[in-house]
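Engineer: Every number in this note's numbering is 850 more than the matching position in the sequence shown, counting from 1.
Heads up, the beta-carbon is just placed ideally off N, CA and C, and yes, glycines get one too.
Here the structure is a predicted model, which is why all the values come from computation and not from measurement.
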Amino acid sequence: MRFFLLLLAGALAYAQLCMTYSGSWLGYGIHYVQWGEPAVLYANGSIVSYLPGRGQGVVIGAANSSSQLNVTTCFGLELLTSRLKPADTPWGPAAPVGLAYYGFVDLNGEYLPLPYEGNAVRGCFRLNGLYAVSHKPLGPIEAYSIQLNAYVEASGLYWVQALIRYGDGGFEFLDNVWNMTAPTSTLRGVAGRGAVAYLGRDEYYYYLAQMPRISSACLEIEVAGNAVRFFVNGDLLDEVYLPSPGRIVVLPQVNARGLPIDLELVVGGYSADAPVASVVNGSASLSLYVWNGTAFAPPPALWSIGISTEERAIASAEAAGDGAVVGPGIPEARQLHLRAPCIYFLNGTALCGGVRYLVELELPNGTSYLWAPPGSLSIRLPEILAGDVAYRPTAAVLNLTVAGPTRVEPAYQPFYLISVSTPIGVRRLWAARGELIAATDFTFVDGGVAYVGELLSVNGRLAGELSVEGPANASVLYVAVYNGTARDLLGLPSPLSIAALRCDGRSAYALAGPLGRYNASVYGVEALCSARLYRLPISPYLLVLAALLISKLFRRRKLYKHNIR
């Protein structure tokens, strides 16, 4: 990561305001932290905080993290904030007036670092009858500028400006690029549609284009690789190439000229020749945004004045919605908007939209963490699967009263996976410790054969039932039973039919009884059997009945013949 040597107020000595690094150790102080996955913070071997999901926030204190963090630690931010004040001019106190983001927030007098890095910023304005004059040596002229100013870090630090200027009854667009890596601006490898010029010893880039009359507009600065693009209402007006790829940064520190590395959308004078403007009537509504990776959003803290640009205004800024309205008045340095980040104290307490306390749930598979506000808390407990063991909560919902950091161990009961091999596949079931599983629980019928569980085989031992002590693999020995009623083609009982049952190379036969019932059994079966019934197609009873009828008819015939004689 980068460390910046900063020249304060033109002094020859350098001082360091902020350090940025990547690691798991948080030194003593106030840190802006970014993390890509949930992290647990430890101090003296104890859990002191939890950073959920993926995000960013402020951590106060020293700790070790369970995962890598990106950390910005700043010292003496009051050195920077002391510079947030208007400058005295012959016409009165003046400053770039509007919206400025300095990479930190003022939370009840506590300055917390909150930098930004991204690839796009946007500033929108609406003119509400704005009338302002810029002061020149020969007198005031009706003129002013509205500026979107940002810093781009690209193997150095560049200051880029997108302006809409009003003067001589018309509007124009202007963009500038300055090198702020050193006290004097020099440009090497910077090129665009415009040209390079000098202001004193400073070399700078500029591009100027005439604009139609406008009452509102959105300025946008976008960085893509080593290109800086300037847009007005979505139209690309200029593209400037830097020597190397870059990104837009807002850092709570100062550059080599002692100026904050900030982001500004401000009203000021027309130009360096007329740097101070007085807002006489009307107003301008301003809104400032940064790209957060998915959308444009307001920065977390917005102040009423900027510092970086020399063009200033004698005007006031009042908060309005997410932005500000600039009108007649006197500039005053105030934090207009605050969207406080989550602040994590290393005592199990956080400020994140209100007070939150750390709740530690000691679960069978480890500790789970969450932040909860004071008061009643209901947590639906999960079922936990850990290999061959399933942990089920004795109560589906855990009810707590949170009054501070809390550690709780919900009651869980283990259930063990029992895998039982049968001829038709493996059956899996979950059973609690001490539960009895009987061989008969796995009885089934297949192909007309009933397989009645007789014994369970577990680790070579046979028993009629298994008392669960943990995960286990078992197989079942069966009694194969082939029984039923043999019937002929007319559906009559067919005694003397033969039932054949063949299992694992063994056979059993049964002769159907007087009612056609048969029953063939084989013990110790581990695989499916084959069964077949060899039935008589005509029941013997039917044959006997037919014989009796024939015999009776024959006797009647003989008797009839005898009577004829």
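Taking the Cβ atom as the reference point for each residue, do ARG1189 and SER1154 lie within a distance shorter than 8 Å?
Structural biologist: By 1-based counting over the sequence shown, the position of residue 1189 is 339. By 1-based counting over the sequence shown, the position of residue 1154 is 304. No, they are not a contact pair.
Engineer: Quick one: give me the first and last residue of the beta strand (DSSP E) that GLU1022 is part of.
Structural biologist: Indexing the sequence shown from 1 puts residue 1022 at position 172. 1020-1029 is the span of the beta strand (DSSP E), which, as asked, contains GLU1022.
Engineer: Can you grab the Cα-Cα spacing for the pair SER1158 / PHE975, in whole Å?
Structural biologist: Position 308 of the sequence shown holds residue 1158. Position 125 of the sequence shown holds residue 975. Distance between the alpha carbons of SER1158 and PHE975: 20 Å.
Engineer: Does the distance from the CB of ARG1162 to the CB of GLY1119 come in under 8 Å?
Structural biologist: The residue labelled residue 1162 in the question sits at position 312 within the sequence shown. The residue labelled residue 1119 in the question sits at position 269 within the sequence shown. Contact flag set, yes.
Engineer: Tell me whether ILE1400 sits in a helix, a strand or coil according to DSSP, three-state version.
Structural biologist: As a position in the sequence shown, residue 1400 is number 550, starting the count at 1. Taken through DSSP and simplified to helix, strand or coil, ILE1400 comes out as helix.
Engineer: According to DSSP, is THR1256 helix, strand or coil?
Structural biologist: In the sequence shown, the residue the question calls residue 1256 occupies position 406. Strand, per DSSP.
Engineer: Specify the secondary structure class of ALA865 as computed by DSSP and reduced to three states.
Structural biologist: Position 15 of the sequence shown holds residue 865. Unreliable positioning characterises ALA865 in this predicted model, as indicated by a pLDDT of 40, which lies under 50. The coordinate reading is nonetheless provided below. Strand.
Engineer: Taking 8 Å as the threshold (C-beta atoms), are TYR951 and PRO1149 in contact?
Structural biologist: The sequence position of residue 1149 within the sequence shown is 299, counting from 1. The sequence position of residue 951 within the sequence shown is 101, counting from 1. Yes, they are a contact pair.
Engineer: Quick check on the DSSP output: the alpha helix (DSSP H) that includes GLU928 runs from which residue to which?
Structural biologist: Counting from one through the sequence shown, the residue named residue 928 turns up at place 78. Element bounds for GLU928: 928-931.
Engineer: Give me, in chain order, the residues of the same chain whose beta-carbon lies closer than 8 Å to that of SER1347; leave out the 5 immediate sequence neighbours on both sides.
Structural biologist: Position 497 of the sequence shown, counted from the first residue, corresponds to residue 1347. Excluding sequence neighbours, SER1347 sits near ALA1336, LEU1361, ALA1362, GLY1366, TYR1368, LEU1383, TYR1384, ARG1385 and LEU1386.
Engineer: In the DSSP assignment, find the unbroken beta strand (DSSP E) run with ASN1336 in it and report its ends.
Structural biologist: Here residue 1336 is taken as the residue at index 486 of the sequence shown, counted from 1. Residue identity check: residue 1336 is Ala in the sequence provided, not Asn. Note, ALA1336: premise wrong, no beta strand (DSSP E); not H, not E.
Engineer: If we count the other Cβ atoms within 10 Å of its Cβ and call it buried at 16 or more, is ILE897 buried or exposed?
Structural biologist: By one-based count along the sequence shown, residue 897 stands at place 47. With a 10 Å radius around the Cβ and a threshold of 16 neighbouring Cβ atoms, ILE897 comes out buried.
Engineer: With DSSP collapsed to three states, give me the class of THR1293.
Structural biologist: The residue labelled residue 1293 in the question sits at position 443 within the sequence shown. In this structure, THR1293 counts as coil in the three-state DSSP scheme.
Engineer: Between the alpha carbons of SER872 and PRO1095, how many angstroms are there, rounded?
Structural biologist: If you number the sequence shown from 1, residue 872 lands on position 22. If you number the sequence shown from 1, residue 1095 lands on position 245. Straight-line Cα distance between these residues: approximately 21 Å.
Engineer: If the criterion is Cβ atoms closer than 8 Å, does the pair ASN914 and TRP941 meet it?
Structural biologist: Counted from its first residue, the sequence shown places residue 914 at position 64. Counted from its first residue, the sequence shown places residue 941 at position 91. Not in contact: ASN914 and TRP941 (Cβ atoms no closer than 8 Å).
Engineer: What would DSSP say about PRO1390, mapped onto helix, strand or coil?
Structural biologist: Residue 1390 sits at position 540 when you count from the first residue of the sequence shown. Reduced to three states, the DSSP call for PRO1390 is helix.
Engineer: Which of helix, strand or coil does DSSP assign to LEU934?
Structural biologist: As a working mapping, residue 934 is identified with position 84 in the sequence shown. Note: LEU934 maps to coil in three-state DSSP.
Engineer: At the level of alpha carbons, what is the spacing between LEU1211 and TRP1221?
Structural biologist: Taking the first residue of the sequence shown as position 1, residue 1211 is located at position 361. Taking the first residue of the sequence shown as position 1, residue 1221 is located at position 371. Each residue's alpha carbon lies about 11 Å from the other.
Engineer: For my contact list, LEU980 and SER1133 are in at a C-beta cut-off of 8 Å; report their separation, rounded to the angstrom.
Structural biologist: For the purposes of this step, residue 980 is identified with residue 130 of the sequence shown, where counting begins at 1. For the purposes of this step, residue 1133 is identified with residue 283 of the sequence shown, where counting begins at 1. Taking a contact as a CB-CB distance under 8 Å, the pair LEU980 and SER1133 counts as one, their CB atoms being some 6 Å apart.
Engineer: Return the CA-CA distance between ALA1124 and TYR892, expressed in angstroms with no decimal places.
Structural biologist: As a first step, residue 1124 must be located in the sequence shown, where it is residue number 274. As a first step, residue 892 must be located in the sequence shown, where it is residue number 42. So the alpha carbons of these two residues sit roughly 57 Å apart.
Engineer: Identify, in the order they occur along the chain, each residue of the same chain with its Cβ nearer than 8 Å to the Cβ of ASP1338, setting aside the five sequence neighbours on each side.
Structural biologist: Residue numbering aside, residue 1338 sits at position 488 when the sequence shown is read from its first letter. Correct list, in chain order: SER1344, ARG1385, LEU1386, PRO1387, ILE1388, SER1389 and LEU1392.
Engineer: Touching or not, the stretch 1221-1230 and the stretch 1241-1252, by the rule of three or more beta carbon pairs under 8 Å?
Structural biologist: Contact holds between the stretch 1221-1230 and the stretch 1241-1252, because three or more Cβ pairs, one in each stretch, are under 8 Å apart.
Engineer: Any idea what DSSP makes of LEU1109, helix, strand or coil?
Structural biologist: Counted from its first residue, the sequence shown places residue 1109 at position 259. Of the three classes helix, strand and coil, the one that applies to LEU1109 here is coil, per DSSP.
Engineer: Could you tell me if LEU1403 is buried or exposed, where buried requires 16 or more neighbouring beta carbons within 10 angstroms of its beta carbon?
Structural biologist: Position 553 of the sequence shown, counted from the first residue, corresponds to residue 1403. The residue is exposed, with fewer than 16 neighbouring Cβ atoms inside 10 Å.
Engineer: Classify THR870 as helix, strand or coil using the three-state DSSP reduction.
Structural biologist: As a first step, residue 870 must be located in the sequence shown, where it is residue number 20. Note: THR870 maps to strand in three-state DSSP.
Engineer: Where do the N-terminal and C-terminal ends of the beta strand (DSSP E) with ASP1354 fall, by residue?
Structural biologist: Counting from 1 along the sequence shown, the entry for residue 1354 is found at position 504. Element bounds for ASP1354: n/a, residue is neither H nor E.
Engineer: Taking just the CA atoms, how far does VAL947 sit from ALA1169?
Structural biologist: Residue 1169 sits at position 319 when you count from the first residue of the sequence shown. Residue 947 sits at position 97 when you count from the first residue of the sequence shown. Rounded to whole angstroms, ALA1169 and VAL947 show a C-alpha spacing of 12 Å.
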